[in-house]
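Read the structure below first, then the notes.
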Amino acid sequence: MVQTLAISKTITSIADLQARFNLTPADSDSFFTEWHQDLPNITELERGTLDRIKQRFERHRNIAKLAEGTINLLLVSPLLDLAGFYDEPFLITTEPQVEILIESRDELLRGRIDILVIQGQLWSLVVESKQSISLAAAIPQALAYMMGGSTGEPLYGMVTDGDFFMFIKLLKQEPPLYDFSDTFSLLLLRQNKLYNVLQVLKKINRAIVSGSY
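Using my numbering, read the sequence shown as starting at 2 and increasing by one per residue.
Have a look at this one:
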């Protein structure tokens, strides 16, 4: 009998993923270069916009604890807009349900992605915003959602708790390969790491559109 389990309750570590999907970390730096190599420039206008986005976020964060939806409104949505993910050939959907059947364990994993970017019929980018749990705990969940995609092309993820951002790349093959970017922190007082986050998002956009992974 198949047991239905919530991804948020079942997948809490990389070990949980490896036990169910045989995920393997990439052993080459060349697997995920999109987050640090040949990044596109950002304009002075974009820098000014990113400075305002950070200032708005800090003002709200300093007053009260922010819900995940607020983080999406203040940070994630403007970033996706600036990076071109609201325009053709992409479509945005929020909170789509994901179901992953693991026949060998008689398990049906179920959950909802915060934001999913689609190109045609293919998943392109999974975005998870988590405030109630740590970034380290959110990463396995994001990878689990990414395993629900049917694409044979590389799939990207972005995970944030508002203060920190991290990117993920997954290639569904046998075994599935994954790798992470460095962490980008908004807690730095005299730097705006949203510049870097936008550069990575733009690079991922170009990689998806051109197929140059």
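C-beta: ideal position from N, C-alpha, C; glycine also. It should be emphasised that the depicted structure is a prediction, and the values quoted were computed from it without experimental measurement.
Check the Cα spacing between R60 and each of W124, L76, L156 and F168: the tightest is with L76. Fully enclosed beta strand (DSSP E) runs of no fewer than 3 residues occupy 156 to 161, 165 to 172 and 178 to 181 of the segment 132 to 213, in order along the chain.
Distance check between G163 and each of P177, E35, M2 and G70 places G70 closest, using alpha-carbon atoms only. The three-state secondary structure of E47, taken from DSSP, is helix. Among the bridge pairs identified by DSSP, R111 is matched with A7 and E100.
Judged by DSSP secondary structure, I72 falls within the alpha helix (DSSP H) whose first and last residues are E69 to I72.
Taking all protein chains shown into account, D88 has fewer than 16 neighbouring C-beta atoms within 10 Å of its C-beta and is therefore exposed.
Relative to F168, the option among E129, S135 and Q174 whose CA is nearest is E129. Residue pairing for W124: DSSP places it in a beta bridge opposite I119. The beta carbon of K55 lies closer than 6 Å to those of N193 and L195 in the same chain, with the five residues before and after it left out. Closest option to E104, judged by alpha-carbon separation, among R21, A208 and F166: R21. In this structure, DSSP gives F22 a helical state, which the three-state scheme calls helix.
With respect to the 9 Å criterion, L144 and L24 are classified as neighbours on the basis of their beta carbons. Between A27 and K170, the gap from beta carbon to beta carbon is short of 9 Å. Looking at the backbone, the Cα of V118 and that of V201 are separated by about 15 Å. Relative to the Cα of G121, the nearest Cα in the group V160, L83, L190 and E154 belongs to E154. The secondary-structure analysis by DSSP pairs S105 with nothing; it has no beta-bridge partner. Approximately 37 Å separates the beta-carbon atoms of V3 and L74; this is outside 8 Å, ruling out the contact.
Beta-bridge annotation (DSSP): T94 is paired with L117. Looking at the DSSP output, E35 bridges to nothing.
Residue pairing for E129: DSSP places it in a beta bridge opposite V160.
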